[in-house]
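K.L.:
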């Protein structure tokens, strides 16, 4: 008995099914309303191989509304002369089929009918509905479809596609679009620019304004919207969405904002504010939209886009009532633990608070998860997005940097700039970088540098080698940032070397090479920078990442997102499974000296407190919230007694890590001895008076049930009135209770 699935629904990446079938079918018959050049380029190699092995390939497209592109027909003719193509002359009558048939000599076959036209968007990135049916499920229907295709293919209204007929069609195409100039823009931009995938966000709205239909959510956005609507039904008032760079977080926020009357969008970069305004205007053109920053003060609009630096000033905050907005969207939410953001978050009382970010984890350990009650409504890591075909795959080259960073002084949170430059500005070091780039580079490169001097020095060397390069930073006068982006996108520049400019809010889809020539200790920053190269673009197969790895602090931190650490240690721990494995179409290439270096670094122990802190951060990252004492004990590498011995109590550790609010910190200082005793005592009495409770690591689950218990169900000690610990208020006013999860 056959176990083959006879009928199935395909909603994305139809190209994968088509490519698989093209490898073996003896007959390939495609009939679509339109043929776009992007679709031909996508499938040309597979159609060519099929024709070369003797498969019969026939394609039929229509001229209705003159959407089929002449250049698409020409590209099809150039694939292989054995491919037969014809054009349906509609004479103004709608011609709108989308069907793909595959016939096999052994009697098997497949019929696909649905919504996908012959374009990159429809076959690879769009949200489509296509029903695939094996011939054995309905032999009569399959044969009927083949017959109908042949009747249509050789119908008297069709013309063979050849240079002469294309020239005739192109003349009609030109005349039609001269009379209807908006039509070519509307249809072609939407189909050919891979709307919402191949364009950067600051260009998406320009294409959207040309579309015939209102902008619609894409796949990742649909999933996230469904999750957000679900979380609201569950009565949550706050949520965070984690989406990889390039998946359209701003548009997601705009779609979600449609259900709210007044909206406040907060960001820390001016260009993000204006991008968001354009995006939201496209989704909600009927509403008023205003900027609130140092220059503009349009705070009365339905949708207000505010600079965090302006709104964090009390005189500006006080101009808004606490309930002035129904929805507050905080962009780049990983910044929200900063005091500037906290002053704004604590001022307002919206119906819903939405944080959006690609990278929620902070290296300083400050907890952004707590700001949304630990409610992560949706997550899409860039690795999973690559696996789904929503972002470009990568090839990562880890190259050895022989700089001895142990000899460079560490000041606070970074290396001494003068000592670092003394190494980076040596010609031998620059030659190593150039040779690595030359060996692996593709067409358009962004290089991430430590300092302006390093960027300028590298640019001078690259320029001396004949490379079209620009050093772009705050002191660059020869070219604006916008012009640099335009030239890089157009291929007029090969390399742009930057200092902290392209970490957030900038998308250049055609960038296909990233060059890292600086120590990167922050996983957040590194992930953002990698995202600059992962946007899909026509003609771009993958992104090359060239990374110089030396013995600098936390050199292996960035590799955790590539799941390299488990390989180096010879095992993958359960906790590391939160980091997705690299997809099959990606690759990691480490020089032998890099592997040896990383193994040596992994063997070295961090100082005791730093090691415990890193252990804590790992557990918090997996859970999505500050762990209870019990959760840390059960899931961490170090047992709870180690924290107690080192910090006196778990609360003491949280105080050391600066994870307590000001009020909680004051409580800890006043009652430190009592809290130490609590953790040393086996508690059996049930808490009777909730006025004596203190919460550290507030979570909704800790407040479930009538009794104030820890995350493990253990009860807290009773302390007589007058001797107890006072009740405190959390960041958003909820009562906070002690969630120590004691042994």
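In full-length UniProt numbering, the protein residues as written are 1 to 743.
Glycine is no exception: its CB is placed at the ideal position from the N, C-alpha and C atoms.
A quick note: this is a predicted structure, and the numbers were derived from the prediction, not measured.
1. Once DSSP output is grouped into helix, strand and coil, what is the label at residue 141?
2. Quick check on this structure: which residue in 418, 224, 230 and 259 has the alpha carbon closest to the alpha carbon of residue 243?
3. Quick check on the burial criterion: 16 or more other C-beta atoms within 10 angstroms. Buried or exposed for residue 201?
4. Could you check whether residue 310 and residue 782 sit closer than 9 Å to each other, using their CB atoms as the reference points?
5. Since residue 650 and residue 665 should fall inside the 8 Å C-beta cutoff, what is the C-beta to C-beta distance between them, to a whole number of angstroms?
6. Could you compute how far the alpha carbon of residue 468 sits from the alpha carbon of residue 525?
7. Here's a check: name, in chain order, each residue in its chain whose Cβ is nearer than 6 Å to the Cβ of residue 66, leaving out the five neighbours to either side.
8. For the alpha helix (DSSP H) containing residue 530, name the first residue and the last one.
9. With DSSP run on the structure shown, which of helix, strand or coil describes residue 588?
10. Where do the N-terminal and C-terminal ends of the beta strand (DSSP E) with residue 471 fall, by residue?
11. For residue 46 and residue 21, I'd like the C-alpha separation in whole angstroms.
12. Return the first residue and the last residue of the beta strand (DSSP E) that residue 638 is part of.
13. For residue 49, which of 628, 512, 218 and 19 has the nearest alpha-carbon?
14. Output yes or no for whether 9 Å exceeds the beta carbon distance between residue 535 and residue 392.
15. If I follow the unbroken beta strand (DSSP E) through residue 59, where does it start and stop?
16. Quick one: what's residue 394 bridged to in DSSP?
17. Got a sec, what are the start and stop residues for the alpha helix (DSSP H) residue 437 sits in?
18. Can you look up residue 618 in the DSSP assignment and give me helix, strand or coil?
19. Kindly indicate the opening and closing residues of the beta strand (DSSP E) around residue 159.
20. With a Cβ-Cβ cutoff of 9 Å, do residue 273 and residue 325 count as a contact?
21. Count the other CB atoms, across all protein chains shown, that sit within 10 Å of the CB of residue 431; report buried if there are 16 or more and exposed otherwise.
22. In terms of DSSP beta bridges, what is residue 302 paired with?
23. Nearest-angstrom Cα distance between residue 365 and residue 60?
24. Give the DSSP-derived three-state secondary structure of residue 444 in the structure shown.
25. Helix, strand or coil, according to DSSP, for residue 599 in the structure here?
26. Can you tell me which residues form a DSSP beta bridge with residue 101?
27. Give the DSSP-derived three-state secondary structure of residue 316 in the structure shown.
28. Kindly list the residues whose CB is nearer than 6 Å to the CB of residue 378, restricted to its own chain and excluding five residues on each side of it in sequence; keep chain order.
29. With a threshold of 16 other CB atoms inside 10 Å of the CB of residue 744, please say whether the residue is buried or exposed.
30. Which residues does DSSP list as the beta-bridge partners of residue 35?
31. Can you tell me whether residue 309 is helix, strand or coil according to DSSP?
32. What does a CB cutoff of less than 6 Å around residue 343 pick up in its chain, not counting 5 residues either side in sequence?
33. So if DSSP puts residue 330 in a beta bridge, which residue, or which two residues, is it bridged to?
34. Can you give the beta carbon distance from residue 652 to residue 672, rounded, assuming they're within the 8 Å contact cut?
35. Report yes or no: do three or more beta-carbon pairs, one from the segment 100-111 and one from the segment 74-81, lie closer than 8 Å?
36. Tell me the residue span of the alpha helix (DSSP H) that contains residue 231.
P.N.:
Result, derived from the coordinates:
1. helix
2. 224
3. With a pLDDT of 44 at residue 201, under the threshold of 50, the predicted position of this residue should be treated as unreliable, though the coordinate-derived value follows. It is buried - the Cβ of residue 201 has at least 16 other Cβ atoms within 10 Å.
4. Not covered by the structure: residue 782. The range shown for the chain is 1 to 743.
5. Contact flag wrong, Cβ pair sits at about 14 Å.
6. 26 Å
7. Hits under 6 Å: 173 and 176.
8. 523-531 is the extent of the alpha helix (DSSP H) around residue 530.
9. strand
10. 469-472
11. 10 Å
12. No beta strand (DSSP E) contains residue 638, which DSSP labels as neither H nor E.
13. 19
14. yes
15. 56-62
16. Residue 394 pairs with 543.
17. Taken as a continuous stretch (DSSP letters only), the alpha helix (DSSP H) holding residue 437 covers 427-440.
18. Residue 618: helix per DSSP, three-state reduction.
19. DSSP places residue 159 in the uninterrupted beta strand (DSSP E) bounded by 158-160.
20. no
21. exposed
22. The partner list for residue 302 (beta bridge, DSSP) is empty, contrary to what the question assumes.
23. Confidence in residue 365 is poor, its pLDDT being 49 and thus under 50, which makes the residue's placement too unreliable to answer from.
24. coil
25. helix
26. 29 and 111
27. helix
28. 224, 227 and 241
29. The shown model of the chain, from 1 to 743, leaves out residue 744, and the question about it has no answer.
30. 118
31. helix
32. The beta carbon of residue 343 lies closer than 6 Å to those of 312 in the same chain, with the five residues before and after it left out.
33. 266 and 355
34. 7 Å
35. Taking one beta carbon from each stretch, the segment 100-111 and the segment 74-81 have fewer than 3 pairs nearer than 8 Å; the two do not touch.
36. 219-233
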